[in-house]
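UniProt numbering applies: residue 1 is where the sequence shown begins, and numbers increase by one. Everything on this sheet refers to the single structure shown next.
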Amino acid sequence: MDELELVRDLYGEPPRPDPAARARVRARLERRRTRRWRVLPWAARQERRPSRPSSQRRRLSWGGALAGAAAALAAVVVAFGASGALGGPPAPVRIDAAATGRAVLLAAATTAASEPPARGAYWRVTRQTGAEVTTLWAARDGRAWISGPGAGSGVRPVARPFTMAGRPLSVAEIEGLPADAGALRRRVVALLPPGSGDGVLADAVSGLLWSKPSPPAVRAAAYRLLADLPNVRYLGRSADPKGRPGEAFAFTLDPATGVRRTLVLDPASSQVLSSSDSPGTGDGRETRIVLAAGWTDEGPSSG
1 MDELELVRDL YGEPPRPDPA ARARVRARLE RRRTRRWRVL PWAARQERRP
51 SRPSSQRRRL SWGGALAGAA AALAAVVVAF GASGALGGPP APVRIDAAAT
101 GRAVLLAAAT TAASEPPARG AYWRVTRQTG AEVTTLWAAR DGRAWISGPG
151 AGSGVRPVAR PFTMAGRPLS VAEIEGLPAD AGALRRRVVA LLPPGSGDGV
201 LADAVSGLLW SKPSPPAVRA AAYRLLADLP NVRYLGRSAD PKGRPGEAFA
251 FTLDPATGVR RTLVLDPASS QVLSSSDSPG TGDGRETRIV LAAGWTDEGP
301 SSG
């Protein structure tokens, strides 16, 4: 799907512009074309520069795609949002935050789907809560260990490393989850206790993005599913406690208590950077910072 198709999906088919708007758009395009010819020597020099590593190319390509989407949206705003009199100021255009958030989540889904298949003997997640840092290792055969507070100077075994709403999940069950957003929703709902609300569903789905060894296709489906949940609200650009930039989303876990969970994610890498819980009343905020998450051949060490 290209950027213009994404804009059409988000906002529908726009009305036809009036002649004055068309003229302004043509003039702007002509000015851009003129500027393009002026920077050709600079572009030729860029082609001779050494190539960047693949990880940087992926980040830049994602940034370019999002910039392209923004440019396409700007073109729609210019072409179809100017409804004032000729020469007068354009009519204000409202940009829907929900539509913007949906575009961010779909971009993260595209990034996740393009990741290579997982390789490694252990799923490893390192997280920080306050001053405490813990690392979980989980083997495909069900064995798991954790280091950090309570484990002394080494590691200790963990009986149930992965759960969803209190129900244990094996690595094989997680890897076998559907890669289609609709099918994934039905499977997750079937795993949740009867009567679970939208907050519990969003919590279960978001956990597939970082705390569980979900395959790339399942992570992509989870992002698409979150994009379809009306209770997942886009808060805008943000940063985690480490200062890493990302995009923030929030949802209420339980309307009765008002506890809200906020996720900061990086669409360029499709990784969740942090997860925070805020109480509905009073002070207090618990934040889990995701320092690393992925497959590795490095197992737990007791040294």
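Think of the CB as a built atom: it goes at the ideal place given N, C-alpha and C, for glycine as much as any other residue. For clarity, every value in this text was computed on a predicted model and none was experimentally measured.
Counting only runs that start and end within the stretch 198-271, where is the alpha helix (DSSP H) found for 4 or more residues in a row?
Listed in chain order, they are 198-207 and 216-228.
8 Å Cβ shell around Val189 - same chain, five flanking residues per side excluded:
Locating residue 189 in the sequence shown gives position 189, counting from the first residue. Closer than 8 Å at Cβ, skipping near neighbours: Ser196 and Leu201.
CB-CB under 6 Å to Asp18, same chain, minus the five flanking residues each way: which ones, in chain order?
Position 18 of the sequence shown holds residue 18. For Asp18, the pLDDT reaches just 43, beneath the cut-off of 50, and the residue's location in the model is therefore unreliable, although a value from the coordinates is still provided. Once the five neighbours on either side are set aside, Asp18 has no close Cβ partner at all.
Cβ-Cβ separation, Ala220 to Ala109 (assumed contact under 8 Å), whole Å:
Translated into positions along the sequence shown, residue 109 becomes position 109. Translated into positions along the sequence shown, residue 220 becomes position 220. With 8 Å as the limit, Ala109 and Ala220 qualify as a contact, their Cβ atoms being about 4 Å apart.
Where DSSP assigns a beta bridge to Ser278, which residues make up the other side?
Here residue 278 refers to the residue found at position 278 when the sequence shown is read from its first residue. Per DSSP, Arg260.
Are the CB atoms of Val259 and Pro279 within a distance shorter than 7 Å?
Residue mapping note: residue 279 aligns to position 279 of the sequence shown, counting from 1. Residue mapping note: residue 259 aligns to position 259 of the sequence shown, counting from 1. Pairing Pro279 with Val259 gives a Cβ-Cβ distance under 7 Å.
Please tell me whether Val104 and Trp210 are closer than 7 Å, where the distance is taken between their beta carbons.
Here residue 104 is taken as the residue at index 104 of the sequence shown, counted from 1. Here residue 210 is taken as the residue at index 210 of the sequence shown, counted from 1. No, these two residues do not count as a Cβ contact at 7 Å.
With distances taken between CB atoms, is the gap from Ala112 to Pro216 smaller than 7 Å?
Position 112 of the sequence shown, counted from the first residue, corresponds to residue 112. Position 216 of the sequence shown, counted from the first residue, corresponds to residue 216. In terms of Cβ geometry, Ala112 and Pro216 form a close pair [threshold 7 Å].
Can you give the Cα-Cα distance for Ala250 and Gly101, rounded to whole angstroms?
Counting from 1 along the sequence shown, the entry for residue 250 is found at position 250. Counting from 1 along the sequence shown, the entry for residue 101 is found at position 101. Cα-Cα distance, rounded: 11 Å.
Using a threshold of 7 Å, state whether the C-beta atoms of Asp266 and Gly294 are closer than that.
Taking the first residue of the sequence shown as 1, we reach residue 266 at position 266. Taking the first residue of the sequence shown as 1, we reach residue 294 at position 294. No, Cβ-Cβ distance for Asp266 and Gly294 is not below 7 Å.
Should Ala74 be labelled buried (16 or more other beta-carbon atoms within 10 Å of its own) or exposed?
Counting from 1 along the sequence shown, the entry for residue 74 is found at position 74. Per-residue confidence for Ala74 stands at a pLDDT of 45, beneath the threshold of 50, marking its modelled position as unreliable; no derived number is given.
Rounded C-alpha distance that separates Ala172 from Arg140:
One-based indexing of the sequence shown puts residue 172 at position 172. One-based indexing of the sequence shown puts residue 140 at position 140. So the alpha carbons of these two residues sit roughly 7 Å apart.
Can you check which of these residues, Trp145, Met164 and Pro149, is closest to Pro157 by C-alpha distance?
For the purposes of this step, residue 157 is taken as the residue at position 157 of the sequence shown. The shortest C-alpha to C-alpha distance from Pro157 to any of Trp145, Met164 and Pro149 is the one to Trp145.
So Ala121 packs on Gly299, CB below 8 Å; how close in whole Å?
Residue mapping note: residue 121 aligns to position 121 of the sequence shown, counting from 1. Residue mapping note: residue 299 aligns to position 299 of the sequence shown, counting from 1. 7 Å between Cβ atoms; contact.
Output needed for Phe162: all residues of its chain with C-beta closer than 6 Å, excluding positions within five of it in sequence on either side, in chain order.
Against the sequence shown, residue 162 aligns to sequence position 162. So the list reads Leu169 and Lys212, once near-sequence residues are dropped.
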